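In this note's numbering, the protein residues as written are 35 to 145.
Down below is the structure, laid out as structure tokens.
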Amino acid sequence: MSNHEAKATETRWNGQYIGRHYWDEAGSLRESIVEAVATATGTNTTAVAADYGEDHSRTVERLFGGTTDEEPRSYGVIRFTLAGSTVTVHSDGRLVVESTDGAATRRPAVG
Numbered sequence: 035m036s037n038h039e040a041k042a043t044e045t046r047w048n049g050q051y052i053g054r055h056y057w058d059e060a061g062s063l064r065e066s067i068v069e070a071v072a073t074a075t076g077t078n079t080t081a082v083a084a085d086y087g088e089d090h091s092r093t094v095e096r097l098f099g100g101t102t103d104e105e106p107r108s109y110g111v112i113r114f115t116l117a118g119s120t121v122t123v124h125s126d127g128r129l130v131v132e133s134t135d136g137a138a139t140r141r142p143a144v145g
């Protein structure tokens, strides 16, 4: 996890889990996506990572990860399904996870 506290950067709204990837910090976009989906669905990160293809994750990373003059970062949104959820990755680092069946993502236990 980054220097940013997860509780300050993650939220739930209208059945969606909203997290963030910080481009300027250590950690890959793949790791951020896997953590977001695992948290939203209550699934083990190892299981989510196993479902997330290496080729797909490299392509998404290349699309939004460019930071040089020769390879500027693209702007926009990409949406795909992973582990029974729709994942939306925004070029500003926002990660939105929602259930593909329309049900709300797992709610954290209170107490």
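Positions of the beta carbon are idealized from the N, C-alpha and C atoms, including for glycine.
Note that the structure is a prediction, hence the values are computed from the model and not measured.
{"Query": "Which same chain residues end up closer than 8 Å to residue 115 when comparing Cβ atoms and leaving out the 5 residues on each side of it in sequence?", "Result": "121, 134"}
{"Query": "How would you label residue 90, buried or exposed, when you count the other beta carbons within 10 angstroms and need 16 or more for buried?", "Result": "exposed"}
{"Query": "Once DSSP output is grouped into helix, strand and coil, what is the label at residue 90?", "Result": "helix"}
{"Query": "For residue 82, which residues in the same chain have their Cβ closer than 6 Å to its Cβ, ignoring the five residues on either side in sequence?", "Result": "68, 71, 72, 117"}
{"Query": "Going by the CB atoms, is the gap between residue 66 and residue 76 shorter than 8 Å?", "Result": "no"}
{"Query": "Indicate the three-state DSSP secondary structure (helix, strand or coil) for residue 99 in the structure shown.", "Result": "helix"}
{"Query": "Where residue 113 and residue 129 are concerned, what is the direct C-alpha to C-alpha distance, given to the nearest angstrom?", "Result": "10 Å"}
{"Query": "I need the DSSP call for residue 79, collapsed to helix, strand or coil.", "Result": "helix"}
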